[in-house]
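Residue numbers (our numbering): 4 to 112.
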């Protein structure tokens, strides 16, 4: 197909008139495209394998970070605006503390 297009005088004139952005011939551009296509065929499976390996390593060896309980971290000088009427000591998104508080209220009732 490529050779048929090059034989046509009209196409040849258009190819000569068109600006080659790479500064090289069409054959060079095709060779570069083929080279990068082959590189991609090698690189993409490698990237997938490394991604699976890193994901597995993260899931199996992930250490959970524990916050050191310094005295100034949980300091409450005034009641928080989201506290219930009973005045809970739970932070806004501390769901474990809120669950324990609810269980304690149910146990007292």
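Note that beta-carbon positions come from the ideal geometry of N, C-alpha and C, so glycine has one too.
DSSP, read as helix, strand or coil, puts residue 94 in coil. Straight-line measurement puts the Cα of residue 53 at about 10 Å from the Cα of residue 59.
DSSP, reduced to helix, strand and coil, places residue 54 within a helical segment of the structure shown. Assignment of residue 102 by DSSP, reduced to helix, strand and coil, places it in the helix class. Leaving aside the five residues that flank residue 107 on each side, none in its chain has a CB nearer than 7 Å to its CB. In this structure, residue 79 and residue 69 do not form a Cβ contact; the two beta carbons are roughly 21 Å apart against a cut-off of 8 Å. DSSP, read as helix, strand or coil, puts residue 39 in helix.
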